[in-house]
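Reviewing the structure listed below.
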Amino acid sequence: MQDINRKITIGAVWNLVGLLTTHGSGMLFTLILASLLSPESFGLIAMATICFQLANAITQSGLGQAVIQSKSITEKDLNTVFYVNIAFSLITYALLFASAPYIASFYNQPELSNLLKVAGVVVVINALKVVQISILSRQMNFKLQTIANSLGMLISGGVAIYLAYCDFGVYALVAQMLVSSFVSTLFLWFGSAWRPSFMFCFESFKRLFSFGASVLAEGITGVLFQNSYILIIGRFFSVEVTGYYFIARKISSIIAEQLTRSVEQSAFPALSTLQENNENLRVKYRQIIQILMFVISPLLLFLSVCSPLLLEFILGEEWKPAGTYMQLLCLLGVLRPLHSLNVNLLLVKGYSNIMFKVGLVKKTINLILLFLTIPFGIKGIIIGQIVGSLIGLIPNTYYTVKLINYSLKEQLLDAIKPLLLAVIASCFVWLFITFLYINPLLKVIIATGLGAVIYILTSYLFKCEGFLLIQRKFSSRIKLPFNLSI
């Protein structure tokens, strides 16, 4: 258990470093680009995003996850995965190239056709690094992945800002996507010892794809579902409104989705070694949920309170509607750890087929709510997402009870304390934001700083489990001149 703790902690730290550098700089670049480009440019790239993400899901075919999850892996397995991914990526890009005019016609945006043809190359580039990422993840080597992603983000961000400044418009965002993928892939190839050989094994493909097929199906339905909102908004609302929603979702998701994903990526290989020990798995999952909810709840609620003021100040009056959308999307992200970690358990246990079925139930619920809320505008659609997220916890936790005896009630009890304390701290942030008459940026810094102090103090006083776990980990690593124990 101690070795598992150490692996998860080291992996999570490197993933967190990657989060702060890659997605922190990503948020900064997004804000700078938003100040240089119009909402329409982001609306166009949002409309194209579903195509790229769907193509990537098909290209990867779930085989990368199968490599990570397998107890043992051979050279034949790795080469088979590599060549299958390359073949899938070329076929997928050809289909994307051919269908580009029809996709542009669907959105009534002629510019999309050439944009899809150029940016679609990213699918082939991404396929080249799937095996490297899988090997490094099996080895719990997240340091190299972090450096690769960070370099890709920093270089591509600089290129995109330069092109945006030179009036390249939406193609600045296309260049950012292509350069980021190319740089990270190149670095992973230089940093990884594995090189492909001329071998292919159909038996390896069958064995790995038996697990990967369900991951592929879940990936495809997941992409279609996640981007169904962009698809519907792009079809029924203006490209400008699509841009507002895209920016709001992109910024709000950095905290909830990426922080949860960083822990998942580090925990998955380590927890897979405990797949036969249900009691230890239950303990680890409880601790991960407690820590994630402690960290994510205040970040999202503080951002929800500050987002309208922050976006208007940084990006200008033109982007004001995005602030309101971001407020609601931050609330949606609060339950992300519960959803993700219940799905992660099914992968750890090797039940990718059940994961697909559970995902299908949740997506059906949310799609029904999506179509019901279209008449109520973007705010109504986002509120429908929040309702769907709450309902989706029921099917999401059904198998968790059966597998490790960790019920929805217990998960909510583990999540409720940090959430309530974050709500209290957020009320103080709102008061500071409302009644402090100073520079908007300074107001946000002071308000969130005081809110953080209030949150930490109340977590200490009310013995919040996530706080205690972090405090014990911190105290065991660093000898302090005072006692933090409660």
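Take the sequence shown: its position 381, counted from the start at 1, is 382 in this note's numbering, and no numbers get skipped.
Ideal placement from N, C-alpha and C gives every residue a C-beta, glycine not left out.
_Taking only three categories from DSSP, how would you classify I377?_
Reading off the sequence, residue 377 comes out as Phe, not Ile. Here F377 sits in helix by DSSP.
_F43 vs I315 beta-carbon contact at 8 Å_ = No, the pair does not count as a contact, with Cβ atoms beyond the cut-off.
*Helix, strand or coil for S486 per DSSP?*
Bear in mind that the predicted position of S486 carries a pLDDT of just 42, short of 50, making it unreliable; the figure below should be weighed with that in mind. Per DSSP, reduced to three states, the secondary structure at S486 is coil, with no helix or strand assignment.
*Where do the ends of the alpha helix (DSSP H) carrying F191 lie?*
DSSP places F191 in the uninterrupted alpha helix (DSSP H) bounded by 172-192.
*asked:* Assuming the contact rule is C-beta atoms closer than 8 Å, A58 and L217 should be a hit. Round their C-beta distance to whole Å, please.
replied: Contact between A58 and L217 holds: their C-beta atoms lie close to 7 Å from each other, under 8 Å.
_To the nearest angstrom, how far is the alpha carbon of A47 from that of S254?_
Cα atoms of A47 and S254: separation of roughly 14 Å, rounded to the nearest angstrom.
*Would you mind reading off the limits of the alpha helix (DSSP H) that contains G324?*
In the DSSP assignment, G324 falls within the unbroken alpha helix (DSSP H) covering 321-334.
*Report all residues from its chain with a CB closer than 7 Å to the CB of C465; omit the five preceding and five following residues, and keep chain order.*
Answer for C465: F295, K418, P419, L422, listed in chain order.
*asked:* Does the contact criterion of 3 or more C-beta pairs under 8 Å hold for the region 402-419 versus the region 358-369?
replied: Under the Cβ criterion (8 Å, minimum of three pairs), the region 402-419 does not count as touching the region 358-369.
*Assuming V402 contacts L209 (C-beta within less than 8 Å), just tell me the rounded distance between them.*
For a cut-off of 8 Å, the C-beta gap from V402 to L209 is around 30 Å, too long to register as a contact.
*Quick one: residues in its chain with C-beta nearer than 6 Å to the C-beta of I487, no 5 flanking neighbours on either side, listed in chain order?*
Residue confidence for I487 is low, a pLDDT of 38 falling below 50, so the modelled location carries little weight and cannot support an answer.
*Which whole-angstrom value describes the C-beta separation of G360 and P40, a residue pair presumed to lie in contact below a C-beta threshold of 8 Å?*
About 32 Å separates the two Cβ atoms, so there is no contact after all.
*Going by C-alpha distance, which of Y166, W190, D168 is nearest L129?*
Ranking the options by Cα distance to L129, first place goes to W190.
*For the alpha helix (DSSP H) holding K144, just list the boundary residues, first then last.*
Per DSSP, K144 belongs to the alpha helix (DSSP H) from 143-166.
*Please name the residue, chosen from T222, I221, F436, V335, that lies closest to Q386 on a Cα-to-Cα basis.*
Looking at the Cα atoms, V335 is the closest of the given residues.
*Between M200 and K77, which are expected to be in contact by the criterion C-beta below 8 Å, what is the C-beta distance as a whole number of angstroms?*
So it is a contact: roughly 6 Å between Cβ atoms.
*Helix, strand or coil for W195 per DSSP?*
Of the three classes helix, strand and coil, the one that applies to W195 here is coil, per DSSP.
_Limits of the alpha helix (DSSP H) - the one that M200 falls within_ = Here M200 belongs to no alpha helix (DSSP H), and DSSP marks it neither H nor E.
*Less than 8 Å separating the beta-carbons of L310 and M327?*
No, these two residues do not count as a Cβ contact at 8 Å.
_Could you compute how far the alpha carbon of S433 sits from the alpha carbon of V284?_
Checking the sequence shown, residue 433 turns out to be Phe, not Ser. Cα to Cα, the separation comes out at about 39 Å.
*On the premise that L371 lies in contact with I382, defined as a C-beta separation below 8 Å, what is that separation, rounded to the nearest angstrom?*
The C-beta distance from I382 to L371 rounds to 6 Å, short enough to fall under 8 Å.
*asked:* What does the alpha-carbon distance come out to for the pair K444 and A35?
replied: Distance between the alpha carbons of K444 and A35 is about 22 Å.
*Name the residue from S71, Q54, L330, A173 whose alpha carbon lies nearest to the alpha carbon of G121.*
Comparing Cα positions, the closest option is Q54.
_Looking at F429: is its Cβ nearer than 8 Å to the Cβ of L451?_
For F429 and L451, yes; Cβs fall inside 8 Å.
*asked:* Just verifying my parser: in three-state terms, what is the DSSP assignment at T50?
replied: In the structure shown, T50 sits in a helix (DSSP, three-state: H, G or I).
*Since I believe I231 is in contact with I375 (beta carbons under 8 Å), could you give me their beta-carbon distance rounded to a whole number of angstroms?*
Contact flag wrong, Cβ pair sits at about 14 Å.
*Start-to-end residues for the alpha helix (DSSP H) that takes in P309*: DSSP places P309 in the uninterrupted alpha helix (DSSP H) bounded by 279-316.
*Pairwise C-alpha distance: I252 and N343*: Those two C-alpha atoms are separated by around 24 Å.
*Just the C-alpha distance for A173 and L348, rounded to the nearest angstrom, thanks.*
One C-alpha to the other measures close to 37 Å.
*asked:* If distances are taken between C-alpha atoms only, which option among S135, I104, Q146 comes closest to S71?
replied: Closest option to S71, judged by alpha-carbon separation, among S135, I104, Q146: S135.
_Could you compute how far the alpha carbon of K321 sits from the alpha carbon of Y246?_
Taking the straight line joining both Cα atoms gives about 11 Å.
*Of the residues A165, R250, F206, L346, the one placed nearest Y399, counting alpha carbons only*: Out of A165, R250, F206, L346, the CA that lies nearest to the CA of Y399 is found in L346.
*Proximity of L470 and Q177 at Cβ, strictly below 8 Å*: Against a cut-off of 8 Å, the Cβ pair of Q177 and L470 comes out as no contact.
*asked:* Taking the alpha-carbon of G27 as reference, which of P102, N80, I156 has the nearest alpha-carbon?
replied: When only C-alpha atoms are compared, the closest one is I156.
*Sequence-distant residues of its chain with Cβ nearer than 8 Å to I126 (five each side left out)*: Sequence-distant Cβ neighbours of I126 in its own chain, meaning closer than 8 Å and more than five residues away, are L179, S182, F183, T186.
_Alpha-carbon to alpha-carbon, P299 and V171_ = Taking the straight line joining both Cα atoms gives about 34 Å.
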